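Notes follow once the structure below has been shown.
Numbering (my numbering), first residue to last: 7 to 173.
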């Protein structure tokens, strides 16, 4: 997507319109920053959701995308609270395995079983004032082999352990 020019005025207008439409149904719209998309930086994402702010529109922050996109957690801590709608947790190897696309689809790890500094990310999220829901997204060939019950149990246990590391 490097050669695709961003039409920010149109994107801002469309995001705000989508958020207004979603509000009529009582739901929110959250934009996920991704290092392989045309919304890959925090500044671009914040411009998109803040220029014509909607109370139900904001950002969906995934630690994998933040880390692989080179977004420093100190910058995450500065995000206005009202801009964060949800947070997603997982872990990753220190280095990208294959391409970014391969890494995100096949090589994510359970929280605490990789190299990402999850407690630092959670601290930054808390510093930003976020108190909403967290999700876990473990997209991995390795974990797809587990039963649903085992994967859910391990995902829950490893994720909850990260919150205990904060206290």
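Backbone N, C-alpha and C define an ideal beta-carbon position, used for all residues, glycine too. If you're wondering where the values come from, they're calculated on a predicted model, not measured in any experiment.
| Asked | Found |
| --- | --- |
| Helix, strand or coil at residue 38 according to DSSP, with G and I counted as helix | strand |
| Cβ-based neighbour list, residue 18, same chain, cut-off 8 Å, excluding 5 preceding and 5 following | 53, 54, 57 and 58 |
| Burial state of residue 21 (16 or more Cβ within 10 Å) | buried |
| Beta-carbon proximity check, residue 121 vs residue 100, cutoff 8 Å | yes |
| Residue 133 to residue 33 span [Cα, whole Å] | 25 Å |
| Of the listed residues 45, 112 and 95, nearest to residue 145 (C-alpha basis) | 112 |
| Nearest candidate by alpha-carbon position, reference residue 158, set 90, 143, 171 and 170 | 143 |
| First and last residue of the uninterrupted alpha helix (DSSP H) at residue 156 | 154–170 |
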